[in-house]
Amino acid sequence: MHSFTKNDFQAGTAATGQDDISSNELHILRDLLQLLPAGVTVQDEQGQFILVNEAAASQLQLAAGASEPSPVDDRHAANLELLRSGRPVVLEEVLACGASKYVFLTAHRPVQIAGRNLLISTSTDISEQKAFEDQLFRSAYYDELTGLPTRRVIEHRVNGLIRDSAQSHFALAFLDVDNFKHINDYYGHAIGDALLVELSKRLGHALRETDILSRISGDEFLLLLNPISGNEEVAEFIHVMQERLKAPFFIEDSEIFASTSIGVSLHPMHGRSYEALRQNADIAMYRVKNNGKGATAFFDNSMEREALARMKIEQSLRLAILEKRFCCAFQPKVDIRTQEIKGIEALVRLRDDEGVIQAPGTFINLAVELGLIDELTFLVLAEIVKSIDLINDTFGPTATISINVAAKQASNVEFMRRFASAIEETGFPKRFMIEVTEDAFVTRSHFQDQILPILRGIGVGISIDDFGIGYSSLSALADITADEIKIDRSFITDIHKRPRSQGILRAIESLSEALGMTVIAEGIESYEELTYLQAATKIRYAQGFYFAKPIFLEDLKPATPVASETRASMAARPAQEGRQSYSRASGFRR
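Structural data, given as structure tokens:
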């Protein structure tokens, strides 16, 4: 191809034959065209260039060096057709030159000048604009981290399938990564993000061109399988996918195991709209979560009834918080050697519409999930402050007051700062003990290094709740700076009959004693459990139905302190007496 330069422009203008234009005016016209940022060319009926400005020459030189054929490379036939038709055309022309890509917006306009048919073309470089548009498109339709399509892509595709054929058969699967928050907390967000990338690769393996895997939020994915022949085909594919996830992920020298809980809905059986199918797949996924995770469930109508019941509980919970229909019960922590009250644990309870007290198992996890737990915790603190005189009269003015903080709250620096400030404003912060589960310490959260110093600074004690059932290890215990360890009742139940539990209890007791932490045995229900602790361990403190059920302050008689009642009750109880056990599902603790 001819290499276009400024000389082409000069030669082209000389060929116009317009002798009536003065030389000065011609120079002005030439200079003006040279200054234009857009490329300008004029071609005759044979497709020959009779005018080319410098910007157009640069564009044509790019075309000559392009790595792929382009509309700019050869305009001869196309321009002849445009001249014959007399139609103006505007189009985008793309040039790929090595790793660079250029996009030009070109307008062709056939005209007649001095009896000659000419084609005037202007080209503007819109490469930066197109790159920005592409970036906006990708951010709107593709996930930045994994490169997977976003929610709107899969929604558009599903709606298209339904619109084109209402009877088309396809499956929509809702996938949620199990325990992803714990992975993020322990390994850090960078590794958590890397895990999502690797997960998306495994999940997307062996998909057909008509299938779509989409990341719709942090650790949630949607999978469209289209078309399908039936449940068996979908079940088989997802089973193979689940098996593929069982192999560990190796990320930055860490070996991570991950699984997904999957719910599946089928069109048209389980819904005739995208939203209905997505919701039903979501409902099926939550059934898996509630039954142990790492499995797959297909939607059925019974799940919808469960979801409606859950929604009713959610609405009742929001209304109860708005109307402040929560109250506190208090359960003593007793010195099993002296029968003195060491402290009390504040336990939140909900009064339903009919005034019936609801155990926390029916609403606490939901409050955490809905983001309502912070407000609920502040309500408990307000109830304690309002009732402090009655608490002192009942349990004694030196009894510590324990408040439970959910694991999600314990790693939230902003919430814990506000909560610590509220405790300090009570005027008696040293009376309080914050109970957190052990994973707040052993995962990579902010509790140990940022939140703990704040609580220590105002004199608040720290208790490790439910020790032994989470992520605990005795080696991790050595790095924990807490005042109190509460051994979960699963180790205490029938302790006098279980030699293995006795050995574990002795190990925890020994290490706690070496670290200067008080041990409290939770869930004492029988005389035999109590006498074993008294005879075979050095444990001083315990909590459970054997001593007292959770007590509502309005039911107390201020003239009869619980401490004296507890001592009298224990002294009067015969040695052989046992107490009726209770179900943890209706338990007394949050």
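Here the sequence shown stands for residues 1326 to 1915, numbered as in our numbering.
Glycine is no exception: its CB is placed at the ideal position from the N, C-alpha and C atoms.
Values in this document were obtained by computation on a predicted structure and should not be read as measured data.
Cross-strand partners of residue i (DSSP beta bridge)
i	result
aspartate 1660	Tyr1866
aspartate 1450	Phe1429
asparagine 1729	Glu1760
glycine 1364	Ser1448
histidine 1509	The residue asked about is misnamed: residue 1509 is asparagine in this sequence, not histidine. None, per the DSSP bridge assignment.
isoleucine 1587	Leu1500, Thr1621
alanine 1671	Phe1655, Ile1728
glycine 1696	Looking at the DSSP assignment, glycine 1696 forms no beta bridge with any residue, so it has no partner.
valine 1785	According to DSSP, valine 1785 bridges with nothing at all.
Under the three-state DSSP convention, the category residue i falls into
i	result
glutamate 1370	coil
phenylalanine 1740	helix
alanine 1531	coil
threonine 1885	Its pLDDT being 48, under 50, threonine 1885 is placed unreliably in this model, and the coordinates cannot settle the point.
phenylalanine 1816	helix
isoleucine 1353	helix
arginine 1421	Just to set this straight, residue 1421 is alanine in the shown sequence, not arginine. It is a strand residue.
threonine 1471	coil
isoleucine 1553	coil
alanine 1572	coil
proline 1778	helix
phenylalanine 1462	helix
glutamate 1809	strand
histidine 1592	strand
glutamate 1665	coil
glutamate 1850	coil
Own chain partners of residue i with C-beta closer than 8 Å, once the 5 adjacent residues on each side are dropped
i	result
aspartate 1660	Ile1666, Lys1667, Arg1865, Tyr1866
arginine 1662	Gln1859, Arg1865
glycine 1517	Phe1505, Ile1508, Asn1509
alanine 1807	Phe1766, Ile1787, Ser1788, Ile1789, Met1842
serine 1727	Lys1658, Gly1668, Ile1669, Glu1670, Ala1671, Phe1757, Met1758, Ile1759, Glu1760, Ser1788
alanine 1884	Reliability fails at alanine 1884, whose pLDDT of 44 lies under 50, so the model's placement of it is uncertain and the value that follows must be treated cautiously. Result list for alanine 1884: empty, nothing under 8 Å.
aspartate 1536	Leu1548, Leu1549, Leu1550, Asn1551
Proximity to residue i [Cα-Cα], best of the options
i	options	result
isoleucine 1820	Thr1843, Met1842, Glu1850, Leu1836	Glu1850
glutamine 1868	Glu1854, Val1522, Ala1861	Glu1854
arginine 1756	Ile1709, Asn1626, Asn1442	Ile1709
arginine 1434	Glu1406, His1352, Ala1634	Glu1406
alanine 1498	Thr1475, Ala1873, Phe1457, Leu1602	Leu1602
threonine 1862	Ser1835, Gly1372, Gly1617, Asp1880	Ser1835
leucine 1777	Asn1556, Phe1740, Ile1682	Phe1740
methionine 1628	Met1610, Glu1417, Gln1567	Met1610
cysteine 1422	Gln1437, Leu1706, Leu1385	Leu1385
glutamate 1557	Asp1503, Val1589, Glu1568, Asp1468	Val1589
Contact check, residue i vs residue j, beta carbons under 7 Å
i	j	result
alanine 1531	proline 1875	no
leucine 1697	phenylalanine 1651	no
serine 1539	leucine 1473	yes
lysine 1658	isoleucine 1829	no
serine 1586	leucine 1570	no
isoleucine 1759	valine 1730	yes
valine 1415	alanine 1432	yes
glycine 1848	isoleucine 1810	no
proline 1552	phenylalanine 1495	yes
alanine 1634	leucine 1675	no
serine 1736	histidine 1771	yes
threonine 1762	aspartate 1791	yes
threonine 1471	serine 1525	yes
isoleucine 1479	leucine 1528	no
phenylalanine 1574	isoleucine 1581	yes
Close-in-space but distant-in-sequence residues of the same chain around residue i (CB under 6 Å, 5 per side omitted)
i	result
threonine 1449	Ala1363, Leu1430
arginine 1409	none
valine 1693	Ala1731, Lys1733
serine 1452	Tyr1427, Val1428
alanine 1620	Val1613
serine 1826	Phe1816, Ile1820
Contact test: residue i Cβ vs the ligand GTP heavy atom, cutoff 6 Å
i	result
glutamate 1458	With respect to small molecules bound, the structure shown includes none, and the ligand GTP cannot be examined in it.
Residues near residue i in its chain [Cβ-Cβ closer than 7 Å; skip 5 each side]
i	result
alanine 1900	Low confidence applies to alanine 1900: its pLDDT is 42, below 50, so where it sits in the model is not reliable, and the reading given next is rough at best. The answer, listed in chain order, is Tyr1852.
asparagine 1484	Tyr1599
leucine 1691	Ile1638, Glu1639, Leu1642
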